[in-house]
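Visitor: Chains A and B, in that order, are what the protein sequence lines are. Letter by letter, the first sequence follows residues 1 to 215 in this note's numbering. Letter by letter, the second sequence follows residues 1001 to 1215 in this note's numbering. Note that beta-carbon positions come from the ideal geometry of N, C-alpha and C, so glycine has one too.
Protein chains: 2
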Amino acid sequence: MTDAAPDFDAAFGVQLDALMRWRRDVRHFRSDPVPDAEMQALLANVSLAPSVGHAQPWRLVRVRSGERRARLADHVDGQVLAAAERYADPAQRDQYRSLKLHGLREAPEILAVFSDDRPVAGHGLGIATMPEMLRYSTVMAIHGLWLTARARGIGMGWVSIVDPAALAAMLDVPGEWTLIALLCIGYPAQASDTPELEQRGWQAREPLTDRLFER
Amino acid sequence: MTDAAPDFDAAFGVQLDALMRWRRDVRHFRSDPVPDAEMQALLANVSLAPSVGHAQPWRLVRVRSGERRARLADHVDGQVLAAAERYADPAQRDQYRSLKLHGLREAPEILAVFSDDRPVAGHGLGIATMPEMLRYSTVMAIHGLWLTARARGIGMGWVSIVDPAALAAMLDVPGEWTLIALLCIGYPAQASDTPELEQRGWQAREPLTDRLFER
């Protein structure tokens, strides 16, 4: 049974723009928990994401064990230290080291998102030449989760300074799953319409005109 | 200068859910053009997408040449035919062949989206261990574009049955750009809250409970 198609008005469009402008990669979280009903509402929206061949390849692991969380945080701290060595310029290296890059110890919820590289669903449609479409589908599910969370005042941070294979082992998942994201979820310490890396002088937003071409 | 943080209310959340539920991968387009002001508004939102290290790796190519569009459509038709051969079951192969998988000849706008694998912006932050984060960032920009379009009544279809290297050559882009998506954009022939692949019996939506785990 299908309801009538909604007609999104201009006021909604303005709010959607604001949602995108105020979505942030959050690294500073308040310590209060996200009510379970809120978490369930967030997670329910994942099913609405687009996926190649309707394969729905996302696999979500909610990390409930404090011991596992501590191991994840220690792992990321090690990777962050190692990555600092890539910066030959001492000033840039110092700046990098001064950045807070994750909230894995404070965020009330930790979610690891994997993508199934060999899902039964979808029957292979759309991945003959671009098997990476499965992982891209999972990425869109994460982006939808991010926007849904922000609309409810909940912040999310995507931690990518990880060894994906090490995380898969730590979380004891099937071999055909590839780690896409390690996510911190909780109420943000503050709101902003400016990325933290821009506030901290690491990288400014650049004009779209530099990224738009015609052929 | 930062405005006060918006407070998204429950009514907005309901509309956002509806937006996600009524976003579709569109293959049937009306022939009327998308006004250029609408295209510019859509494209402007791309800059709001999250990106690793704030690297903004998306590179958009708007295809204006009819000759290039025809070559793209011919290429995809060839790939679709070849992919049919992967289905050993004749009934499934026939069903696959009966699906309309792209609107490259009818959609008023064609956009090819690439990701720069070696961007200057971002200074390498967040990609020491997961260089694929650059491509994932570009995928999120596409998903944001998709939602923004649907909020304006504009449909989008993501065509992935392509040889990415062949498309890069056809569109004459720099070697460090990787094709992420070939997009058809225009007003959809109809609205639906059910994926076309589900309507056509290819693949149903499956419950999130099958995809949610705890550790």
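Using CA atoms only, rank isn't needed, just tell me which of A/Val-120, A/Tyr-87, A/Leu-171, A/Leu-197 is closest to B/His-1054.
Guide: Along the second sequence, read from residue 1 onward, the residue named residue 1054 of chain B stands at position 54. B/His-1054 has its Cα closest to that of A/Leu-197, out of A/Val-120, A/Tyr-87, A/Leu-171, A/Leu-197.
Visitor: What's the gap between the Cα of A/Gly-124 and the Cα of B/Thr-1194?
Guide: Position 124 of the first sequence, counted from the start, is the residue given in the question as residue 124 of chain A. Position 194 of the second sequence, counted from the start, is the residue given in the question as residue 1194 of chain B. Each residue's alpha carbon lies about 20 Å from the other.
Visitor: Throw me the rounded Cβ distance for the B/Ile-1185 and B/Val-1034 pair, which I believe falls under 8 Å.
Guide: In the second sequence, counting from the first residue as 1, residue 1185 of chain B sits at position 185. In the second sequence, counting from the first residue as 1, residue 1034 of chain B sits at position 34. Confirmed, about 6 Å.
Visitor: Which whole-angstrom value describes the C-beta separation of B/Val-1052 and B/Gly-1144, a residue pair presumed to lie in contact below a C-beta threshold of 8 Å?
Guide: For the purposes of this step, residue 1052 of chain B is taken as the residue at position 52 of the second sequence. For the purposes of this step, residue 1144 of chain B is taken as the residue at position 144 of the second sequence. Not a contact, Cβ separation roughly 15 Å.
Visitor: Rounded to whole angstroms, what's the CA-CA distance from A/Phe-114 to A/Trp-202? Just pull it up for me.
Guide: By 1-based counting over the first sequence, the position of residue 114 of chain A is 114. By 1-based counting over the first sequence, the position of residue 202 of chain A is 202. Distance between the alpha carbons of A/Phe-114 and A/Trp-202: 29 Å.
Visitor: Taking only three categories from DSSP, how would you classify A/Met-1?
Guide: Taking the first sequence and counting its residues from 1, the one referred to as residue 1 of chain A is at position 1. With a pLDDT of only 44 at A/Met-1, under the threshold of 50, the placement of this residue in the model should not be trusted; the figure read from the coordinates follows. Coil.
Visitor: Is there a C-beta anywhere in chain B that falls below 9 Å from the one on A/Leu-19?
Guide: Counted from its first residue, the first sequence places residue 19 of chain A at position 19. Closer than 9 Å to some Cβ of chain B, the Cβ of A/Leu-19 qualifies, so yes.
Visitor: What does A/Ala-83 reach in chain B if we use C-beta pairs closer than 7 Å?
Guide: Taking the first residue of the first sequence as 1, we reach residue 83 of chain A at position 83. Going along chain B in sequence order, the residues near A/Ala-83 (Cβ under 7 Å) are Ala-1128.
Visitor: Could you check the C-alpha separation between A/Glu-106 and B/Leu-1212 for me, to the nearest Å?
Guide: On the first sequence, residue 106 of chain A is found 106 positions in, with the first residue counted as 1. On the second sequence, residue 1212 of chain B is found 212 positions in, with the first residue counted as 1. So the alpha carbons of these two residues sit roughly 23 Å apart.
Visitor: Considering only DSSP beta bridges, list what A/Trp-158 is partnered with.
Guide: Here residue 158 of chain A is taken as the residue at index 158 of the first sequence, counted from 1. Paired residue(s): A/Leu-183.
Visitor: DSSP three-state call for B/Thr-1194: helix, strand or coil?
Guide: Here residue 1194 of chain B is taken as the residue at index 194 of the second sequence, counted from 1. Coil at B/Thr-1194, not helix or strand.
Visitor: Assign A/Val-120 to buried or exposed, taking buried as 16 or more other Cβ atoms, counted over all protein chains shown, within 10 Å of its Cβ.
Guide: The count along the first sequence starts at 1 and reaches residue 120 of chain A at position 120. It counts as exposed.
Visitor: Considering B/Ala-1082, what are the terminal residues of the alpha helix (DSSP H) in which it resides?
Guide: Counted from its first residue, the second sequence places residue 1082 of chain B at position 82. It spans 1066-1084 - the alpha helix (DSSP H) in which B/Ala-1082 sits, taken as one unbroken run.
Visitor: Once the 5 residues before and after B/Ala-1141 are set aside, which same chain residues still bring their CB inside 8 Å of it?
Guide: Residue 1141 of chain B sits at position 141 when you count from the first residue of the second sequence. Around B/Ala-1141: Val-1046, Ala-1049, Ser-1051, Trp-1058, Val-1113.
Visitor: Straight-line CA distance for A/Leu-101 to B/Ala-1073?
Guide: Against the first sequence, residue 101 of chain A aligns to sequence position 101. Against the second sequence, residue 1073 of chain B aligns to sequence position 73. When rounded, the distance between both Cα atoms is 43 Å.
Visitor: For B/Ala-1070, decide whether its Cβ has a neighbour in chain A, counting only Cβ atoms nearer than 9 Å.
Guide: Along the second sequence, read from residue 1 onward, the residue named residue 1070 of chain B stands at position 70. Judged by the 9 Å Cβ criterion, B/Ala-1070 is not in contact with chain A.
Visitor: Tell me which residue opens and which closes the beta strand (DSSP E) that A/Ala-44 is part of.
Guide: Translated into the one-based positions of the first sequence, residue 44 of chain A becomes position 44. Not the beta strand (DSSP E): A/Ala-44 falls in the alpha helix (DSSP H), residues 36-46.
Visitor: Mind listing the chain B neighbours of A/Met-133? Cutoff is C-beta to C-beta under 8 Å, in chain order.
Guide: The residue labelled residue 133 of chain A in the question sits at position 133 within the first sequence. Those within 8 Å of A/Met-133 in chain B are Ser-1160.
Visitor: Quick check: is the beta carbon of B/Arg-1062 nearer than 9 Å to any beta carbon in chain A?
Guide: For this step, residue 1062 of chain B is matched to residue 62 along the second sequence. True, the Cβ-Cβ gap to chain A drops below 9 Å.
Visitor: Out of A/Asp-94, A/Arg-62, A/Val-76, point me to the one whose CA is closest to A/Leu-43's CA.
Guide: To locate residue 43 of chain A, count along the first sequence from 1; it is residue 43. Nearest option by C-alpha distance: A/Arg-62.
Visitor: Please go through the same chain and pick out, in chain order, the residues whose beta-carbon is closer than 6 Å to the beta-carbon of A/Met-1, but skip the five residues on each side of it.
Guide: Walking along the first sequence from the start, residue 1 of chain A turns up at place 1. Residue placement at A/Met-1 is poorly supported in this model, since its pLDDT is 44, which falls under 50; the coordinates still yield a value, given next. Correct list: empty, nothing qualifies.
Visitor: Can you pull the chain B residues whose beta carbon is under 9 Å from the beta carbon of A/Leu-125, in chain order?
Guide: Taking the first residue of the first sequence as position 1, residue 125 of chain A is located at position 125. Within 9 Å Cβ-Cβ: Ala-1083, Tyr-1096, Leu-1099, Leu-1101, Ile-1161, Leu-1197, Trp-1202, Gln-1203.
Visitor: For B/Ala-1010, tell me which candidate among A/Glu-206, A/Ser-98, A/Arg-152, A/Gln-56 has the shortest Cα-Cα distance.
Guide: Here residue 1010 of chain B corresponds to residue number 10 of the second sequence, with the count starting at 1. The residue with the shortest Cα to Cα distance from B/Ala-1010 is A/Arg-152.
Visitor: Using a Cβ-Cβ cutoff of less than 7 Å, which residues in the same chain neighbour B/Asp-1083 once the five nearest sequence positions on both sides are dropped?
Guide: Along the second sequence, read from residue 1 onward, the residue named residue 1083 of chain B stands at position 83. Here residue 1083 of chain B turns out to be Ala, not Asp, going by the sequence shown. Cβ within range, chain order: Ile-1161.
Visitor: So A/Ala-166 packs on A/His-75, CB below 8 Å; how close in whole Å?
Guide: As a working note, residue 166 of chain A is residue 166 in the first sequence. As a working note, residue 75 of chain A is residue 75 in the first sequence. At roughly 6 Å, the Cβ-Cβ gap stays under 8 Å, so A/Ala-166 and A/His-75 are in contact.
Visitor: How far does the alpha helix (DSSP H) with A/Leu-217 in it extend, from its first residue to its last?
Guide: Lying before the first or after the last residue shown, residue 217 of chain A is absent from chain A, which here runs from 1 to 215.
Visitor: Here's the rule I'm using: 16 or more other beta-carbon atoms within 10 Å means buried, otherwise exposed. How should A/Gln-190 be labelled?
Guide: Here residue 190 of chain A refers to the residue found at position 190 when the first sequence is read from its first residue. Exposed, by the Cβ-count rule.
Visitor: If you drop the 5 nearest sequence neighbours on each side, which residues of the same chain put their C-beta closer than 7 Å to that of B/Trp-1022?
Guide: Here residue 1022 of chain B corresponds to residue number 22 of the second sequence, with the count starting at 1. Arg-1150, Ala-1191, Asp-1193.
Visitor: Do you know how far the Cα of A/Glu-85 is from the Cα of A/Leu-60?
Guide: In the first sequence, residue 60 of chain A corresponds to position 60, counting from 1. In the first sequence, residue 85 of chain A corresponds to position 85, counting from 1. So the alpha carbons of these two residues sit roughly 32 Å apart.
Visitor: Quick one: what's got a C-beta closer than 7 Å to A/Ala-204's C-beta in the same chain, skipping five residues either side?
Guide: Translated into the one-based positions of the first sequence, residue 204 of chain A becomes position 204. Taken in chain order, the residues that qualify are Glu-198.
Visitor: Since A/Pro-164 meets chain B, which of its residues come closer than 8 Å, beta carbon to beta carbon?
Guide: Here residue 164 of chain A is taken as the residue at index 164 of the first sequence, counted from 1. Under the 8 Å cutoff, chain B gives Thr-1129, Met-1130.
Visitor: For A/Phe-8 versus B/Ala-1018, is the C-beta distance shorter than 9 Å?
Guide: Numbered from 1 along the first sequence, position 8 holds the residue referred to as residue 8 of chain A. Numbered from 1 along the second sequence, position 18 holds the residue referred to as residue 1018 of chain B. The answer is yes: Cβ separation under 9 Å.
Visitor: Which residues does DSSP list as the beta-bridge partners of A/Thr-178?
Guide: Against the first sequence, residue 178 of chain A aligns to sequence position 178. Note: A/Thr-178 sits in a beta bridge opposite A/Ser-115.
Visitor: Once you ignore the five residues that flank B/Leu-1179 on each side, which residues in its own chain have a CB closer than 6 Å to its CB?
Guide: Start at 1 with the first residue of the second sequence, and residue 1179 of chain B comes out as number 179. Around B/Leu-1179: Phe-1114, Pro-1164, Leu-1167, Ala-1168.
Visitor: Answer with yes or no whether the minimum CB distance from A/Tyr-136 to chain D is below 9 Å.
Guide: Judged by its chain identifiers, the structure shown contains no chain D, and its protein chains are A and B.
Visitor: Do you know how far the Cα of A/Gly-103 is from the Cα of A/Gly-66?
Guide: The residue you call residue 66 of chain A lines up with position 66 of the first sequence. The residue you call residue 103 of chain A lines up with position 103 of the first sequence. Going by the C-alpha atoms only, they are around 14 Å apart.
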